[in-house]
Structure formats: C-alpha cells, structure tokens
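Engineer: The opening position of the sequence shown corresponds to residue 353 in our numbering, with each subsequent residue numbered one higher. Built from N, CA and C at the ideal position, the CB exists for glycine as well. Pasting a structure below so you can have a look.
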Amino acid sequence: MPSEVVHPTSSASDDEQLPYSEFPEIRKTSNFVFWNRTRIYIMVLTLSCLTFIQMNTLTFNFTVICMEDIVEDHHRVYNYTDTHWFERNTEKSLLFSGAAIGGLLGLVPAVPLITSLGLRNVQTISGIISSCGALFFPLAISIGFYTSFLCRILQGIGSAIMFTTVGVVPGVWAPSSEANTFMAILSCALQLSNIICMPVSGLLCESSLGWKSIYYLFGALTLFVYVVFWFTYTDDPKLHRNVSQKELGKISTGKIEKIKESVPYWAISTDPTVLITWISCFGGNMGFFVLSLYGPTYLRDILKFDVRETGFLSALPFILSAVIKFTAGQVSDKLTFLSEKARFVFFAATSQIGFAAGLVVMAFTSNRLIAQIAFNFAIVSSGLNIMGVIKCIQLRCLQHVHFAIAVISFTAYVVQFLAPIIVSIICPDNTSDQWTILFLFITGIIIVCNAGFPFITKSEAADYTKPKYRTIEKY
353 MPSEVVHPTS SASDDEQLPY SEFPEIRKTS NFVFWNRTRI YIMVLTLSCL TFIQMNTLTF
413 NFTVICMEDI VEDHHRVYNY TDTHWFERNT EKSLLFSGAA IGGLLGLVPA VPLITSLGLR
473 NVQTISGIIS SCGALFFPLA ISIGFYTSFL CRILQGIGSA IMFTTVGVVP GVWAPSSEAN
533 TFMAILSCAL QLSNIICMPV SGLLCESSLG WKSIYYLFGA LTLFVYVVFW FTYTDDPKLH
593 RNVSQKELGK ISTGKIEKIK ESVPYWAIST DPTVLITWIS CFGGNMGFFV LSLYGPTYLR
653 DILKFDVRET GFLSALPFIL SAVIKFTAGQ VSDKLTFLSE KARFVFFAAT SQIGFAAGLV
713 VMAFTSNRLI AQIAFNFAIV SSGLNIMGVI KCIQLRCLQH VHFAIAVISF TAYVVQFLAP
773 IIVSIICPDN TSDQWTILFL FITGIIIVCN AGFPFITKSE AADYTKPKYR TIEKY
C-alpha cells in the first residue's frame with residue numbers, strides 16, 4: 353500500500369511534538385488511515401476476538417442439553433449395556449469446570465508473557481489455542497472423557513487473557529475522553545458471546561447439522577479473526593501504519609508514558625482499594641457465571657422452555673445488557689461534573705443491587721413470565737459492573753493494571769470452577785425449591801462481597817504508580 357512520510361509540525365515545540373521520549377521524529381503512514389478512526393477498527397477487531405474465544409468456552413454450556421445422541425449411540429447403535437461416561441453427573445460437572453481450570457492455567461504465565469512478548473503475540477497464541485479446543489471437541493467427545501476434558505482446558509486457556517485485554521487495550525488505544533466507552537464496548541464480549549452462541553446453537557442443535565457443527569463453525573471463525581488480528585494489530589498506536597498523525601495526537605494526549613519497570617506485586621496486593629475490588633469482583637462473578645453457565649438449564653428444566661426457545665431466551669438478557677453497557681460507557685464519559693469515585697461507585701452499586709434484586713425475585717416467584725423478566729434484569733444489571741470495579745482498578749493501578757486485572761481473571765476462573773460444584777451440592781435433583789436456595793445463597797455472597805466497596809475504595813493513583821510515569825498534557 354502506498355505510504356507517506358509524516359513530519360511533526362514546525363509550529364509546535366519539541367516537547368509538544370514528542371510526548372514519548374522514544375517517539376520517532378518521522379513516521380511512515382499509509383494513505384488509508386480509516387478517516388482518522390483506526391482506533392475504532394482496533395476496537396471492533398479486538399471485540400470480535402474476545403467474543404469468539406468466550407463463545408468457545410460457552411458452547412458446551414448449551415450443547416450439553418442436546419447431546420443425547422452420544423448416549424443413544426452408545427446403547428442403541430453399539431449395543432453397550434454399561435453406563436456411558438456422559439450419563440454421569442461427575443464427568444459433566446468436570447467438563448463444565450474444565451474451561452475454568454484452563455483459564456487458571458493460562459493466567460499463570462499471562463502477565464510475564466504480556467510484559468515480554470506484548471499483547472499482540474500473547475492474544476494471537478491464545479486465539480489459536482481456543483480455536484483448537486473448539487475444532488477438536490467433537491472428535492474428543494467420541495474418543496472419551498479425558499480427551500474431552502483436555503479440549504475444555506484448551507478452550508479455557510484461550511480465554512484466560514480476556515479480562516486483561518479489556519483493561520489494557522483502552523489504556524493504549526483510546527483517547528482519555530473515550531476510555532470509558534472503549535472499555536464498555538470491549539467488555540460487551542461477555543454479552544455478545546452469549547447473544548451469538550445461544551440462538552445459533554439452538555438452531556444448529558435442532559437442524560440436520562447437529563451439535564458438532566457448532567464447534568466447527570465457531571472454531572473456524574475464531575482462527576480466521578485471529579489471523580486478521582495478527583496482521584493488523586499493534587501494541588502501540590504510533591507503530592501502526594494506518595494511524596494518522598492527527599489521530600495519534602488525540603490518542604496520546606493525557607496518557608501515561610510507557611516505561612519498562614517491574615510490577616510491584618506486593619504493593620498492589622496489599623492495597624485496600626485493590627483488595628476490596630477483587631472481593632467485589634468475586635461476588636459479582638459468582639452470580640454472573642452461575643446464570644451464564646446454568647441459564648440454559650434453568651430455562652429448560654425449571655421454566656420448561658424447549659431447546660429453540662431456550663437458545664433465544666438465553667441470549668435476550670445479554671442483548672439488553674450490551675445495549676445498556678454501551679449507553680452507560682457514553683454516559684460515564686460525559687458525567688464530568690461528578691468525581692471519578694462518585695461515577696464508579698454509582699455504577700458498581702446500581703449493578704450489584706439490581707443483580708441481587710433479580711435473584712431474589714427468581715427465588716420466590718413461581719410465575720414463568722416474572723422469572724424470565726427477573727432473569728433478564730439480573731444479567732442486565734451485572735453488565736454495569738465493568739463501569740464500576742474495572743474503572744476503579746484502572747484509576748488506582750494505572751500502568752500496572754494488567755496485573756490487577758489478571759487477578760480478577762483468576763478469581764473469575766475460580767468462580768467458574770466452584771460454580772458447578774456449588775450447583776451440584778445445592779441442586780442435586782434440579783428442583784424448583786433447590787434453585788430457590790441457590791439464588792438466595794448467591795444473593796448473600798453478592799451482598800457480603802460488595803458491602804465495603806463504596807467506603808474503602810479510592811480513585812487516586814496509588815503511590816506505587818507515581819515515581820515512574822508522567823502525563824502528556826498536550827500532544
């Protein structure tokens with residue numbers, strides 16, 4: 353593609369031209385610069401990548417209700433009289449937890465790998481691993497439990513970087529005035545993955561293609577989108593050929609200068625603001641992942657919807673949540689008359705109070721319509737929490753936010769691992785009364801974990817961030 357050499361303007365001072373000490377005096381840029389909106393392309397591309405790796409971990413949560421052919425073939429076609437492993441709840445629970453175990457394994461090297469290899473490389477490797485976990489899952493199921501469990505672990509490893517990416521990319525690619533909107537949109541990957549996965553899975557499950565086609569489709573699309581990501585994403589806007597000098601100036605102004613330094617793990621881990629944010633996330637994630645993992649089961653077995661209805665009704669609250677979250681990001685960016693703490697506390701409190709209220713209604717109602725409305729309301733409310741806890745931890749940790757968010761990811765995968773165990777203990781017979789107890793138990797966890805958040809958190813940057821950064825006041 354033809355390119356042009358862009359020189360800094362002669363009217364600005366040297367300090368204004370070179371906000372980063374290492375910024376080159378001459379940049380080569382493409383003639384096509386996305387109308388000075390390359391950051392929007394990066395946002396959409398990253399959102400697509402995150403959506404697909406999350407979809408690969410979710411697919412089993414739905415297809416488990418339409419995989420009866422495995423057991424039927426075992427008994428009818430092959431005339432086996434023993435119990436197939438897919439008929440045992442222990443193996444099914446382990447498959448539910450497999451993605452969480454993979455996520456935990458993937459998080460261990462995530463922070464040092466991002467520091468040494470960069471987000472682009474680590475994200476691409478994660479996407480390829482996730483794609484393999486999806487593409488080989490149907491074959492793994494036919495071989496046996498252990499190969500199936502391995503594929504679930506691969507799906508989890510691939511998604512391990514998701515929360516870290518949501519926290520890091522806006523700090524690199526979004527102008528300060530668009531950071532909240534950028535972050536809100538990227539975090540919609542959680543919602544979009546359900547919006548796409550559930551109805552598509554419902555349609556394919558009941559079609560002649562069957563449940564296996566879902567894994568082939570999602571795995572192939574994941575591989576494709578990550579190839580595009582590899583060739584068109586950069587870890588720094590100034591290294592991207594399609595970023596114009598004008599857009600680079602907008603992105604850079606007010607940003608933190610990137611200086612390689614060690615992460616102060618102990619200081620972050622003993623910061624009261626960070627600790628209460630991690631605890632708050634644990635409580636919120638416990639509710640979210642129980643509904644996300646077992647939403648289809650609840651809709652089908654308790655509310656008695658059929659498979660196709662379950663697919664669309666499982667996606668509905670995530671559609672609403674994505675819309676509300678996008679609006680909330682824009683609103684937050686415009687509420688400049690409020691302090692940063694007032695904004696993130698408002699969104700966190702609104703999210704978790706609404707979430708708990710939805711669960712309480714689900715616990716006590718026997719009306720199918722009211723239960724469905726409460727189910728939607730709870731998930732929509734949970735989506736606002738990204739504007740609360742994640743924004744808080746970004747403001748507090750600044751250049752070290754990738755570690756703080758990696759811990760949030762760790763707690764999320766711990767929750768995903770614990771959720772099937774909790775559900776199997778409280779709801780062994782999958783009755784309505786048992787689900788009532790489960791919803792009240794989750795409500796209690798949400799309240800306890802979030803009670804201290806408004807009082808303990810601070811919006812000011814921590815001392816461990818201050819010695820090694822400087823703000824670019826003007827580009």
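Which residue's Cα is closest to the Cα of L459: L711, I760, L538, V800?
Structural biologist: I760
Engineer: Under 8 Å: do the segment 393-403 and the segment 536-548 share three or more Cβ pairs, one atom per stretch?
Structural biologist: yes
Engineer: Can you have a look at S559 and say buried or exposed, based on whether 16 or more other CB atoms are within 10 angstroms of its CB?
Structural biologist: exposed
Engineer: Could you pull out every residue in the same chain whose Cβ sits closer than 6 Å to the Cβ of L410, ignoring the five residues on either side in sequence?
Structural biologist: S545, C549
Engineer: So the candidates are D623, A667, V683; which of them puts its Cα closest to the Cα of T809?
Structural biologist: D623
Engineer: Determine contact between the segment 688-695 and the segment 715-729, defined as no fewer than three beta-carbon pairs at a distance below 8 Å.
Structural biologist: no
Engineer: Would you call the segment 578-589 in contact with the segment 464-477, where contact means no fewer than 3 C-beta pairs closer than 8 Å?
Structural biologist: yes
Engineer: What span of residues does the alpha helix (DSSP H) with N594 cover, start to end?
Structural biologist: From DSSP, N594 is part of no alpha helix (DSSP H); its letter is neither H nor E.
Engineer: How is Y585 classed by DSSP in three states: helix, strand or coil?
Structural biologist: coil
Engineer: Using C-beta distances below 6 Å, list every residue in its chain close to T788, excluding the 5 sequence neighbours before and after it, in chain order.
Structural biologist: A715
Engineer: Can you round the beta-carbon distance between W563 and M419 to whole angstroms, since I take them to be within the 8 Å contact cut?
Structural biologist: 6 Å
Engineer: Drop a sphere of 10 angstroms on the beta-carbon of P376, count the other beta-carbons inside from all chains shown, and report buried for 16 or more, exposed for fewer.
Structural biologist: Unreliable placement is indicated for P376, whose pLDDT of 45 sits below 50; the coordinate value is still reported in the next sentence. That one is exposed.
Engineer: Step through the CB atoms of chain B and report whether any lies within less than 7 Å of the CB of F534.
Structural biologist: Considering every chain present, this structure includes no chain B. It has just one protein chain.
Engineer: I'd like the ranges of any alpha helix (DSSP H) spanning at least 4 consecutive residues and lying wholly in the segment 780-821.
Structural biologist: 784-802, 805-808
Engineer: Closer than 8 Å by C-beta to F657: which residues in its own chain qualify, once you throw out the five before and the five after it? Chain order, please.
Structural biologist: Here F657 has L651, L665 as same chain residues with Cβ atoms under 8 Å from its own Cβ, once five neighbours each way along the sequence are excluded.
Engineer: Are A619 and Y765 close, meaning C-beta to C-beta below 7 Å?
Structural biologist: Taking the C-beta atoms as reference points, Y765 is found no nearer than 7 Å to A619.
Engineer: Just to confirm the assignment, what range does the alpha helix (DSSP H) spanning T467 have?
Structural biologist: 441-469
Engineer: Short of 8 Å in beta carbon distance, which residues of its chain neighbour F386, apart from the five on each side in sequence? Order them along the chain.
Structural biologist: I392, Y393, N594
Engineer: Quick one: any contact between the segment 435-446 and the segment 572-580, if contact means 3 or more CB pairs under 8 Å?
Structural biologist: no
Engineer: Quick check on this structure: which residue in G450, V520, F412 has the alpha carbon closest to the alpha carbon of I757?
Structural biologist: V520
Engineer: Identify, in the order they occur along the chain, each residue of the same chain with its Cβ nearer than 7 Å to the Cβ of Q704, setting aside the five sequence neighbours on each side.
Structural biologist: Only G636, N737, I798, N802 meet the Cβ criterion.
Engineer: Can you give me the C-alpha to C-alpha distance between L747 and F497, rounded to a whole angstrom?
Structural biologist: Straight across, the Cα-Cα distance linking L747 with F497 is about 44 Å.
Engineer: Among Q751, P669, I417, F769, whose alpha-carbon lies nearest the alpha-carbon of I832?
Structural biologist: What the structure shows of the chain is the stretch from 353 to 827, and residue 832 is not part of that stretch, so it cannot be assessed.
Engineer: Roughly how many angstroms separate the alpha carbons of A814 and A708, rounded to a whole number?
Structural biologist: 31 Å
Engineer: Looking at the unbroken alpha helix (DSSP H) that takes in C418, where does it start and where does it end?
Structural biologist: Per DSSP, C418 belongs to no alpha helix (DSSP H) and is neither H nor E.
Engineer: From this set, Y617, I778, I509, G639, which residue's C-alpha is nearest Q475's C-alpha?
Structural biologist: Looking at the Cα atoms, I509 is the closest of the given residues.
Engineer: For H752, which residues from the same chain have a beta carbon less than 8 Å from its beta carbon, with the 5 sequence-adjacent residues on both sides left out?
Structural biologist: Cβ within range, chain order: V615, P616, I620, Y816, T817.
Engineer: Which one of G554, N532, T398 has the shortest CA to CA distance from I417?
Structural biologist: G554
Engineer: Tell me the DSSP secondary structure of A758 in three-state form.
Structural biologist: helix
Engineer: Quick test of your reading: F729 and G710, contact by CB under 8 Å. State the CB separation rounded to the nearest angstrom.
Structural biologist: Sure, about 4 Å apart at Cβ, within 8 Å.
Engineer: Going by other Cβ atoms of all chains shown within 10 Å of its Cβ, with 16 needed for buried, is G796 buried or exposed?
Structural biologist: exposed
Engineer: Report the CB separation of L790 from I778 in whole angstroms; it is logged as a contact under 8 Å.
Structural biologist: 5 Å
Engineer: Rounded to the nearest angstrom, how far is the Cβ of S673 from that of I742, given a contact under 8 Å?
Structural biologist: S673 to I742, Cβ: 15 Å. No contact.
Engineer: Let me confirm a value: A667 is counted as buried when at least 16 other C-beta atoms fall within 10 Å, else exposed. Which label applies?
Structural biologist: buried
Engineer: Leaving aside the five residues before and after A572 along the sequence, list all residues of the same chain whose C-beta is less than 8 Å from its C-beta, in chain order.
Structural biologist: S483, L487
Engineer: In the DSSP assignment, find the unbroken alpha helix (DSSP H) run with W630 in it and report its ends.
Structural biologist: 624-649
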